[in-house]
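There are 2 protein chains.
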Amino acid sequence: MSETTISLKKNFPNFSNDLIEEIEAHCSFQTFKSGDIVMRTGQYIKNTILILKGQLKIYREGDDGEEFLLYYLEPGQACAISLICSSKNQTSQITAKVVEDVEAVTIPLTLMDKWMMNHRSWYEFVIYTYRTRFEEVLEVVDNIAFRAMDERLEFYLKRHAKACGCKEINLSHQEIALELNTSREVISRLLKKMEQRGLVRLHRNQIELMI
Amino acid sequence: MSETTISLKKNFPNFSNDLIEEIEAHCSFQTFKSGDIVMRTGQYIKNTILILKGQLKIYREGDDGEEFLLYYLEPGQACAISLICSSKNQTSQITAKVVEDVEAVTIPLTLMDKWMMNHRSWYEFVIYTYRTRFEEVLEVVDNIAFRAMDERLEFYLKRHAKACGCKEINLSHQEIALELNTSREVISRLLKKMEQRGLVRLHRNQIELMI
DNA sequence: TAGTCCATGTGACAAATGTTACTGTAGCTA
DNA sequence: TAGCTACAGTAACATTTGTCACATGGACTA
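The following block contains the structure:
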């Protein structure tokens with residue numbers, strides 16, 4: 001059994017053996033470096049990727065190049081947007097940037113469509129992915145629609161800590177500001193208040209979550 | 001041919017005859033009155049509805065009962081959220097309220113799952129619906145993430161005019177404020193500015209779009 | 001006609017957020 | 001060590017949005 005197969009089986013335990021064999025036979029293994037843009041708003045979608053290792057962030061771009069974080073992609077997941085795009089030439093509505101070096105399997109569109117009918121486990125994966133991503137985006141809507149920046153920041157920090165599995169968040173205030181579409185000064189200000197409330201401890205290039 | 005069949009064929013022209021026959025055989029026709037809540041956040045989803053007539057609005061509820069408009073549903077459409085929910089007991093993440101009296105066909109969950117495999121035209125409809133709704137929600141994210149209230153109001157008015165197919169929008173400032181999650185005074189203020197710029201004419205309970 | 005809603009207009013102020021400008025400081029390296 | 005750069009802190013101010021208070025005026029009804 002190849003290493004890719006092992007990794008596929010580990011990260012996508014619900015895939016049937018048939019499906020994994022097909023992936024092996026027809027799809028290519030690829031790696032991406034931190035900072036790489038895997039998919040960009042407006043580009044035609046030609047394939048989707050299954051993440052085996054690393055982390056991607058999916059964000060929406062504003063007219064003036066602002067970024068707005070939607071969610072992270074991790075091993076065992078796939079880009080929802082590219083999973084469902086009719087055979088027509090569909091362009092991407094989002095940008096995907098590598099946060100941590102990524103190992104992934106690339107799957108051409110044509111195969112995906114076929115698999116939906118032939119592989120129950122693929123079908124279920126797609127449905128599940130789509131539903132959970134939709135919910136995640138709805139939660140993002142909640143945050144920006146109903147909550148002020150201080151709450152959003154808190155939510156962001158918690159999500160980040162959860163994603164990396166630790167309480168130390170290695171991000172500059174500038175980076176956070178970018179993802180929440182605000183300015184560094186605002187983030188600094190709010191973080192200071194959070195520190196006064198005992199919710200975080202601030203260090204250079206690191207925020208220690210106390211909750 | 002029954003009236004429902006005719007209406008189904010007209011509003012869902014891509015459905016195969018087989019599919020329409022199945023719908024006829026197993027699904028029930030229902031009507032809802034303006035103001036009815038068809039689906040509420042937290043409720044279990046037991047079925048989906050295909051709209052034949054009227055208009056629904058789909059919105060997200062805040063912790064304190066605030067509303068936030070996501071999109072409208074019109075004849076020929078279906079509620080995306082309820083289209084994809086695994087057989088498990090899934091609760092709704094949104095609320096659907098009738099804007100204009102609705103005629104619809106109700107489809108039980110169990111059938112939907114079967115049809116995905118057996119009816120290509122249903123499968124394509126589901127995929128298409130999901131994709132377009134996802135995009136619509138992403139556009140909503142853009143609006144609240146990147147744009148100020150004046151732009152959002154303008155976008156809202158245009159979308160509303162498009163949905164009803166006319167330039168006269170019969171809404172009070174209060175109703176608009178609710179859907180954009182702001183206050184009436186803010187809407188009044190911004191509308192006045194828009195009137196000064198010649199973009200609208202304001203009347204009692206009506207806003208005339210000039211663009 | 002007087003009274004009562006309801007929708008709207010508007011001024012004054014409060015609070016949140018965005019912007020500008022400047023300071024300090026840690027870490028790197030020439 | 002001096003100089004550079006990136007990061008962080010913060011004061012001061014502008015702008016946007018939210019809130020309160022109150023006025024106006026149309027539509028309807030007792």
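Top line first, the protein sequences correspond to chains A and B.
So for the first sequence, the numbering used here puts the first residue at 1; every next one is plus one.
So for the second sequence, the numbering used here puts the first residue at 1; every next one is plus one.
Every residue, glycine too, gets a C-beta built ideally from N, C-alpha and C.
If you're wondering where the values come from, they're calculated on a predicted model, not measured in any experiment.
Judged by DSSP in its simplified three-state form, B/Arg60 adopts strand. In this structure, A/Gly62 lies near B/Phe146, with their beta-carbon atoms less than 8 angstroms apart. Measuring C-alpha to C-alpha distances from B/Val141 to each of A/Ala25, A/Thr41, A/Gly54 and A/Tyr59 identifies A/Tyr59 as the nearest. B/His203 has B/Gln206 as its beta-bridge partners, per DSSP.
In this model, A/Pro75 and A/Leu83 are separated by some 16 angstroms (Cα to Cα). The straight-line gap separating the alpha-carbon atoms of B/Thr4 and B/Glu208 is approximately 36 angstroms. Within chain B, the C-beta atoms nearer than 9 angstroms to that of A/Phe68 come from Val141, Asp142, Ala145 and Phe146, in chain order. Taking a Cβ-Cβ threshold of 9 angstroms, none of the residues of chain B is close to A/Glu179; the smallest such distance is about 11 angstroms.
Boundaries of the alpha helix (DSSP H) harbouring A/Thr4: Glu3 to Asn11, taken from the DSSP string.
Counting only residues of its own chain and dropping the five nearest sequence neighbours on each side, A/Tyr71 has a CB closer than 6 angstroms to the CB of Ile58 and Glu136. The three-state secondary structure of A/Phe146, taken from DSSP, is helix. Checking the DSSP bridge columns, you'll see B/Ala104 partnered with B/Gln30 and B/Ile51.
Within the same chain, Arg184, Ile187, Ser188 and Leu191 come within 8 angstroms of A/His173 by CB-CB distance, once the 5 residues on both sides are set aside.
Under the 10 Å beta carbon count, B/Ala80 is surrounded by 16 or more other beta carbons and is classified as buried. Contact annotation: in the stretch 99-132 of chain B, residues whose CB is within less than 8 angstroms of a CB in chain A are Met116, Met117, Tyr123, Glu124, Ile127, Tyr128, Tyr130 and Arg131. Distance check between A/Glu22 and each of A/Leu111, A/Ala148, A/Lys97 and A/Lys53 places A/Leu111 closest, using alpha-carbon atoms only.
Put simply, the CB of A/Glu175 is far from chain B, with every gap to its CB atoms at 8 angstroms or more.
The Cβ-Cβ distance between A/Asn11 and A/Ile107 does not fall below 8 angstroms. Annotation: the continuous beta strand (DSSP E) that includes A/Leu70 extends over Glu67 to Leu73. Here A/Val38 is not near A/Ile51, since their CB atoms are 8 angstroms or more apart. Residues of the stretch 70-96 of chain B that bring their beta carbon within less than 9 angstroms of a beta carbon in chain A comprise Leu70, Ala80, Ile81, Ile84, Cys85, Ser86, Gln90, Gln93 and Ile94, in sequence order.
At a cut-off of 8 angstroms between C-beta atoms, B/Leu138 counts as an interface residue with respect to chain A. Residue burial annotation: B/Leu8 is buried, with at least 16 other C-beta atoms found within 10 angstroms of its C-beta. In the three-state reduction of the DSSP assignment, B/Ile23 falls in the helix class. Look at the beta carbons and you see the stretch 143-161 of chain A not touching the stretch 87-106 of chain A: under three pairs across the two are nearer than 8 angstroms.
Judged by pairs of C-beta atoms under 8 angstroms, the stretch 109-123 of chain A touches the stretch 16-34 of chain A, as three or more such pairs exist. In this structure, B/Thr41 keeps its C-beta atom at 8 angstroms or more from the C-beta atom of B/Ala78. Distances from the CA of B/Asp64 to each of B/Met210, B/Leu178, B/Leu202 and B/Leu199 were compared; the closest alpha carbon is that of B/Leu178. Between B/Leu138 and A/Gln93, the CB-CB gap stays under 8 angstroms. In the structure shown, B/Ile169 falls within a strand segment according to DSSP collapsed to helix, strand and coil. In this structure, DSSP gives B/Thr182 a state outside helix and strand, which the three-state scheme calls coil. A Cβ-Cβ distance of about 7 angstroms is found for the pair B/Leu73 and B/Gln55, placing them in contact under the 8 angstroms criterion. Going by C-alpha positions, B/Gly198 is about 15 angstroms away from B/Glu168. Closest option to B/Phe29, judged by alpha-carbon separation, among B/Glu66, B/Val105 and B/Met210: B/Val105. Among the CB atoms of chain A, none fall inside 8 angstroms of the CB of B/Glu151.
Close CB contacts of B/Asp36 within its chain, under the 6 angstroms cut and outside five residues either way in sequence, are with Val98 (chain order).
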